[in-house]
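Numbering (our numbering), first residue to last: 47 to 806.
Structure record follows, encoded as structure tokens.
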Ligand code: PEP
Ligand code: MG
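Below is the structure:
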């Protein structure tokens, strides 16, 4: 049985020239399709060339050269049925020397196709969905050559434009979000922010829609691609040299692959060849990408699949550059009920989205204590992280059910799944109602211990949460969030007005303002903090380290805060204090401003209280030195744990590696808690750990009596505290600390169950 590649020398250019004149000719769409199949059959020297298009949910034979003409508009296949259905369903190319050998082969007698052995078919794609299939059949059992397959793909691309313009397929059918043909998928990930949402997929970086496939001027298209390649390579080089690249979660491996692909001569050559065949720059990039996708799919290697994903990203970047469609979904206006899909997001990027429309977030990377996660948690937006290769499974506008409570994302759910999900949503709603009933109840344990439950905030909208949750106050106001949402460095007047508004909104409840903590995973686009490349920005020049050196920044903030708190108590807290002198210097900046304002006879705060965050372990060794000058201390468990475990909090590879309920963390916290009690230091915990009921139970057992948490956690944490006996929890924790078991989480969880403690 001969299986040698075809010796047919005709190229895609040949086909495209023909298609171009057919498209430009007069006549109706059907007549054009008839000419197209004739032309392609002739070009690849095939007995048969047919076009199937989707109509009323089925694939209908629309035009054929070589099959029985009576079968046109008669032969119809369901998605997934036969080889044609297989291609459309999987959006995949087939090239078979013996069609009958394929498990999905089906024979349609009315077409008279029994005599043909070889079969090749490519999907006709529009908006990432198959709207039809272009196929060729041959009597000889031979495989089509790569060149011919590429020519089919080129033709399919042009056909998609022709079909779209002629309204030959029902667009609503293609756009229908409940498309069953692709089947429901269930993807799993890592729980970053709990919650459930039903909505529609929107890509943070939308895929470029290709409007024109046939070029008017090949040289101009070539020039466009060359300059897009230059720009893309520049961008990749820049990303490599940027300090924050690492902390954004895109790790070195990805970067290396990006670079390798970006500079791959083979890739640019193939795009160039596709342009030679007469395609526009956009169509050429997409055509090459389709072909690569097909080849990669045939290689069953997970490592290559990962690489494919990087190449997809890069091809999309190139497409975005060449087409000038550079905006993110945030700038393009969101649809209602959006579930946003991204590889990763920075905190500022998330804040650009309209939070009323954003129902959920799915990240391919992401980690629990990255600032984007913290902000989403505060905004009540559920996030599922670490969902691998999501772009292979989800298409723009797909209906999604996001259930982060169970770490699942359902893609294109069936109506039964949707119903079950709605029932779960109602249950969660009921639970929320129970929690909101605790709004006016204090967090007092069964044995009468009062725990302060504050919230973490940072945006103007967060202030409403104070009353909604019934929290005792704001234990951490992240002032840098205001800097993140601004286009330029906020000045004194703007800051003063904002802090005044915050204090006004808080009324009698206390607010602890943390001075700016920029750097690390919160780079400001308009402020280049470091003139050197930082390999470890989280441990680098950030937070108070910047504040003390660029003291103009800190002076402006100090003055604004002091003026805003005229006649009230001002609580300020310094982040990342490692040694007592840093606290002293920061305090001196405030004292100077205070003296200055006093000399100007300005009204001053009634009281100024100074606190430090304990995030750098070194500070724990010098608390006795600091205690006499310190009004309060707040443990930032997010940073503290990253430094204790030497595990970057933004690195998705480490996202699941360490547990807050580990003996090392618990022992460390216990030591601080005991020291603070001995030195009479007012102590709280303001990291994310305190917002998780089981972890908060452990903190209470360690002696912590003041938590500052994300607003959504206030109800669950109050419920936990009100159902626990603090002295029993202390005994449990003493045991855990003494025995240092391998699985403290299980032990504490079983204990909570056995003692009817409500841990959600
Ligand atoms: C922390 O590090 O625990 C903390 C509360 O501060 P941030 O998360 O803003 O770094
Ligand atoms: Mg911190």
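The beta carbon of each residue, even a glycine, is placed where N, CA and C say it ideally should be.
Residue(s) in a DSSP beta bridge with residue i
i, result
"residue 167", "140, 181"
"residue 237", "430"
"residue 680", "659, 730"
"residue 619", "560, 657"
"residue 581", "According to DSSP, which records beta bridges pairwise, residue 581 is partnered with nothing at all."
"residue 309", "Note: residue 309 sits in no beta bridge, so no partner."
"residue 565", "568"
"residue 107", "98"
"residue 122", "106"
Chain-order list of residues whose beta-carbon lies under 8 Å from that of residue i (same chain, five-residue window excluded)
i, result
"residue 449", "242, 455, 456, 467, 470"
"residue 232", "454, 455, 456, 457"
Candidates the options: closest to residue i by CA position
i, options, result
"residue 266", "237, 328, 735, 280", "328"
"residue 717", "738, 745, 734", "745"
"residue 75", "87, 205, 165", "205"
"residue 667", "754, 624, 139, 711", "624"
"residue 385", "510, 367, 79, 400", "400"
"residue 424", "520, 461, 438", "520"
"residue 631", "604, 616, 609, 651", "604"
"residue 565", "512, 640, 481, 685", "685"
"residue 523", "318, 170, 733, 775", "733"
"residue 199", "153, 145, 164, 138", "138"
"residue 641", "609, 316, 396, 665", "609"
"residue 106", "120, 191, 113", "120"
"residue 414", "754, 772, 62, 698", "698"
"residue 752", "428, 570, 498", "498"
"residue 765", "117, 792, 563, 496", "496"
"residue 656", "727, 547, 272", "727"
"residue 775", "759, 806, 465, 742", "742"
"residue 592", "472, 551, 573", "573"
"residue 97", "167, 650, 246, 255", "167"
Residue i versus residue j - alpha carbon distance
i, j, result
"residue 628", "residue 647", "29 Å"
"residue 123", "residue 136", "15 Å"
"residue 188", "residue 474", "59 Å"
"residue 394", "residue 90", "53 Å"
"residue 239", "residue 599", "33 Å"
"residue 633", "residue 478", "41 Å"
"residue 670", "residue 622", "18 Å"
"residue 312", "residue 557", "59 Å"
"residue 404", "residue 509", "20 Å"
"residue 358", "residue 275", "15 Å"
"residue 207", "residue 99", "13 Å"
"residue 73", "residue 131", "29 Å"
"residue 325", "residue 282", "26 Å"
"residue 339", "residue 447", "27 Å"
"residue 795", "residue 679", "29 Å"
"residue 706", "residue 738", "10 Å"
"residue 185", "residue 82", "21 Å"
"residue 143", "residue 163", "6 Å"
"residue 372", "residue 366", "5 Å"
"residue 297", "residue 387", "The predicted model places residue 297 with a pLDDT of 47, which falls under 50 and marks its position as unreliable, so this point remains unresolved."
"residue 58", "residue 434", "35 Å"
"residue 722", "residue 250", "45 Å"
"residue 614", "residue 368", "56 Å"
"residue 126", "residue 191", "25 Å"
"residue 663", "residue 170", "59 Å"
Own chain, CB closer than 6 Å to residue i, minus 5 neighbours either side, in chain order
i, result
"residue 431", "235, 236, 238, 409, 412"
"residue 35", "With the chain covering only 47 through 806, there is no way to say anything about residue 35."
"residue 661", "622, 682, 685, 686"
"residue 65", "204"
"residue 334", "316, 317, 320"
"residue 364", "274, 278, 331"
"residue 69", "208"
Residues near residue i in its chain [Cβ-Cβ closer than 7 Å; skip 5 each side]
i, result
"residue 289", "Bear in mind that a pLDDT of 37 at residue 289, under 50, signals an unreliable position, so the number given afterwards is only what the model happens to contain. These residues qualify, in order along the chain: 576, 579, 580, 583."
"residue 568", "393, 417, 526, 530"
"residue 748", "712, 715, 716, 719, 779"
"residue 420", "734"
"residue 360", "304, 307, 308"
"residue 702", "236"
Residue i: CB within 6 Å of a non-hydrogen atom of the ligand ATP
i, result
"residue 181", "Absence of the ligand ATP from the depicted structure is noted, with the ligand PEP and the ligand MG being the only ligands included."
Proximity test, Cβ basis, 7 Å: residue i and chain B
i, result
"residue 579", "The question asks about chain B, but that chain is absent: this structure has only one protein chain."
Exercise for review: List in chain order the residues whose CB is within less than 7 Å of at least one heavy atom of the ligand MG.
Suggested key: Qualifying residues, in the order they occur: 563, 621, 622, 659, 661, 682, 684, 685.
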